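Numbering (the numbering used here), first residue to last: 179 to 413.
We put the CB at the ideal spot given by N, CA and C, even for glycine.
Being a predicted model, the structure only gives us computed values, none of them experimental.
One structure is given below, encoded as structure tokens.
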Amino acid sequence: MNLTLKESLVTRSRVFSPWTAFYFLQSLLINLGLGYPFSLLYTAAFTAILLLLWRTLPRVQKVLVGVSSLVAACYFPFAQAYGAPNFNTLLALHSTNMEESTEILTIFPWYSYMVGIFIFVLGVIAIRRKKESEKARWNTFDSLCLVFSVATFFVAPMQNLAWGGVFKLKDTGYPVFRFAKDVIVNNNEVIEEQERMAKLSGMKDPWTVTAVKPKYQTYVVVIGESARRDALGAF
179 MNLTLKESLV TRSRVFSPWT AFYFLQSLLI NLGLGYPFSL LYTAAFTAIL
229 LLLWRTLPRV QKVLVGVSSL VAACYFPFAQ AYGAPNFNTL LALHSTNMEE
279 STEILTIFPW YSYMVGIFIF VLGVIAIRRK KESEKARWNT FDSLCLVFSV
329 ATFFVAPMQN LAWGGVFKLK DTGYPVFRFA KDVIVNNNEV IEEQERMAKL
379 SGMKDPWTVT AVKPKYQTYV VVIGESARRD ALGAF
């Protein structure tokens, strides 16, 4: 009886800890910073992962929080304008030069940068959190966090299996894992497309040009605020 009461008090203290609210806010902002729509499910699940890692592997938790916060802080302005990483954003990354990259930074509103700085500050606070002097024992709250986070990991793959007949663990909806997958997959597609275009450009045309003296000369004029280098191929 005393053991059960003690575990319930520990669980209650963990749930209502200020750090629980802190990690929830941080998970929410990381989700938005990576370009994905708000999801209460994945925000709560990522919070559970951070709480569980802090109890078991605090150093791993700090690395995860630090990297996620840094990437989300830097990508937040782009996320509000262009969304999550896709083929076009990765194509722009490959094709845009430094001058165009610096110019694009001026089109984002100032408050997007402020939110990005806020995400970064939260990451610094989380990294600087001091480790507990006494290692806590595994309790019911830890078990709930583990079960909930693992079950959430399979939500998106199971939905894809039910609707499309395909089950892949890489299709998980966790924003951090999803961001990494989207960057890798779309980057590979961009590289393959560039290689295909380079191969096509090296092929000899099967048709010949007949020498004529046309009455009119044809000119193509592109009018716009700017002509992005990565968009010229589409034209």
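Can you list, in chain order, the residues of its chain whose CB lies under 7 Å from that of residue i, leaving out five sequence neighbours each side?
{"i": "G411", "result": "A caution first: G411 carries a pLDDT of 47, below 50, which makes its placement in the model too unreliable to give a value."}
{"i": "A314", "result": "R233"}
{"i": "T330", "result": "L219, Y220 and A223"}
{"i": "A226", "result": "C323, F326 and S327"}
{"i": "Y201", "result": "T225, L228 and L229"}
{"i": "N365", "result": "L268"}
Residues in the same chain with beta-carbon distance under 8 Å from residue i, minus the five sequence neighbours each way, listed in chain order, please.
{"i": "A285", "result": "Before going on, a small fix: residue 285 reads as Ile here, not Ala. Taken in chain order, the residues that qualify are A259."}
{"i": "V243", "result": "Q204, L228, G301, A304 and I305"}
Within 10 angstroms of the Cβ of residue i, are there 16 or more other Cβ atoms? Answer buried if so, exposed if not.
{"i": "F256", "result": "buried"}
{"i": "A280", "result": "First, the residue type needs correcting, since residue 280 is Thr and not Ala in the sequence shown. With fewer than 16 Cβ atoms within 10 Å of its Cβ, T280 is classed as exposed."}
{"i": "P263", "result": "buried"}
{"i": "W288", "result": "exposed"}
{"i": "S379", "result": "exposed"}
{"i": "L275", "result": "In the sequence as displayed, the identity of residue 275 is Asn instead of Leu. It is exposed - the Cβ of N275 has fewer than 16 other Cβ atoms within 10 Å."}
{"i": "M292", "result": "exposed"}
{"i": "T388", "result": "exposed"}
{"i": "S321", "result": "exposed"}
{"i": "L283", "result": "exposed"}
{"i": "S195", "result": "exposed"}
{"i": "Q239", "result": "buried"}
{"i": "A376", "result": "exposed"}
{"i": "G342", "result": "exposed"}
{"i": "P353", "result": "buried"}
{"i": "I362", "result": "exposed"}
In three-state terms, what does DSSP make of residue i?
{"i": "R237", "result": "helix"}
{"i": "P353", "result": "helix"}
{"i": "L283", "result": "coil"}
{"i": "N264", "result": "coil"}
{"i": "M375", "result": "helix"}
{"i": "F122", "result": "Outside the displayed span of the chain (179 to 413) sits residue 122, for which this structure offers no information."}
{"i": "T386", "result": "coil"}
{"i": "L183", "result": "No answer about L183 holds up, because its pLDDT of 47 lies below 50 and its placement is not dependable."}
{"i": "Y397", "result": "coil"}
{"i": "P215", "result": "coil"}
{"i": "F319", "result": "helix"}
{"i": "K308", "result": "coil"}
{"i": "K346", "result": "coil"}
{"i": "T225", "result": "helix"}
Excluding sequence positions up to five away, which residues of its chain have a Cβ less than 6 Å from the Cβ of residue i?
{"i": "K359", "result": "K348"}
{"i": "L187", "result": "Confidence in L187 is poor, its pLDDT being 47 and thus under 50, which makes the residue's placement unreliable; the coordinate value appears in the next sentence. Answer for L187: no residue qualifies."}
{"i": "K309", "result": "P236"}
{"i": "L181", "result": "Residue confidence is low: L181 scores 48 on pLDDT, short of 50, so the model does not pin down where it sits. Its coordinate-derived value is still stated next. Nothing listed; no residue qualifies."}
The segment 292-311 in contact with the segment 390-401 per 3-pair CB rule at 8 Å: no
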